[in-house]
Amino acid sequence: MHPAARDPYVGFRVVAVEPHQDFDWVEVPDGDYVIGRDVGESRQRLVDVDAFELSRTPVTNALYERFVAAGGAVAPPHWPAPGDHPVTFVDWHEASAYCAWAGGRLPAETEWEKAARGTDVRAYPWGDEEDESRAVLGAGLRNGSTAPVGSHLDGASPYGLLDMAGNVWEWTSTEYPPGERVLRGGSFASPGLAWARCTMRSHSRPGRRQAHIGFRIAKAADQGVPRALSHASRSGS
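According to my numbering, the sequence shown is numbered sequentially starting from 15.
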């Protein structure tokens, strides 16, 4: 475990929304779909989800750096880190603050699962085939690490989203159980594909920071194009 990892929430700052750089958005259409599958995973039920958009990959270190430069958060303790890897050591509060700053929000658990699974109740984003080569999995927290986002194109979801299985667990806006937030997707530290099923859920205290937890940004389909601040590095914090 990284010596700077922490569980208790300490604090965070919020800066004004000033969007200036596009994310790679993927639109997920509205409509009913079946969420959940097995005991221990999300409960199976029919839900109706409004159309929304989700970033194709998790938020990267390079994107999060602009938020840090704008004074929205302190740099994660493992930096410097590769710009094309997902940002980690970010708790739920900081992930939410980043999304608000960039003009979006964290996805709800139901949105995340539909984006990963589509409407055909598949087991994994790419289908039902058990193929660990399609995801960043199995290395363990001590010996493993994140990979560049989008590095497993053959692991794409039906809508073209990447890294929905493995690489990093992703924060959602959903509270479950009370006082905690749902995590989805599995990570490089997960032992195998069972943790990367579209229906698998984990949860944690919102103040938790770890090397295998990241996030991606969502927005309503009719919201327009929220964009991360690109000139923060020029204007300073």
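Cβ coordinates follow ideal geometry from the N, Cα and C atoms, glycine included.
Proximity below 7 Å, CB of residue i to CB of residue j
i: Gly-180; j: Ala-208; result: no
i: Val-40; j: Leu-175; result: yes
i: Ala-129; j: Ala-235; result: no
i: Val-42; j: Leu-60; result: no
i: Gly-206; j: Gly-152; result: yes
i: Glu-194; j: Arg-215; result: no
i: Gly-50; j: Thr-213; result: yes
i: Thr-188; j: Arg-198; result: no
i: His-99; j: Pro-139; result: no
i: Val-196; j: Glu-123; result: yes
Residue i beta carbon near the ligand FMN (any heavy atom closer than 6 Å)
i: Arg-198; result: This structure simply doesn't include the ligand FMN, nor any ligand for that matter.
Run of the alpha helix (DSSP H) containing residue i, from where it starts to where it stops
i: Tyr-112; result: 106–115
i: Ala-225; result: Looking at the DSSP string, Ala-225 is not in any alpha helix (DSSP H), and its letter there is neither H nor E.
i: Glu-143; result: Per DSSP, Glu-143 belongs to no alpha helix (DSSP H) and is neither H nor E.
One or two residues paired with residue i in a DSSP bridge
i: Val-196; result: His-217
i: His-68; result: The residue you asked about is not His; residue 68 is Leu in the sequence shown. Note: Leu-68 sits in a beta bridge opposite Val-40, Ala-232.
i: Gly-180; result: Val-150
i: Glu-123; result: None, per the DSSP bridge assignment.
i: Pro-100; result: Thr-74
i: Tyr-138; result: Gly-141
i: Glu-189; result: Arg-195
Unbroken beta strand (DSSP E) run spanning residue i, endpoints
i: Ala-232; result: 232–234
i: Val-63; result: 59–63
i: Val-40; result: 39–42
i: Tyr-47; result: 45–49
Whole-Å CB distance - residue i paired with residue j, under 8 Å assumed
i: Pro-164; j: Ala-203; result: One point to set straight first is that residue 164 is Gly, not Pro, in the sequence displayed. Gly-164 to Ala-203, Cβ: 19 Å. No contact.
i: Glu-125; j: Val-63; result: 6 Å
i: Gly-132; j: Pro-172; result: 3 Å
query: Any contact of the stretch 225–234 with the stretch 117–132, i.e. 3+ C-beta pairs under 8 Å?
result: yes
message: Below 8 Å, how does it come out for the stretch 99–113 and the stretch 71–80: are there three or more Cβ pairs, yes or no?
response: Two segments are said to touch when three or more pairs of C-beta atoms, one from each, lie closer than 8 Å; by this definition the stretch 99–113 touches the stretch 71–80.
Three or more C-beta pairs below 8 Å linking the stretch 219–227 and the stretch 101–110: yes
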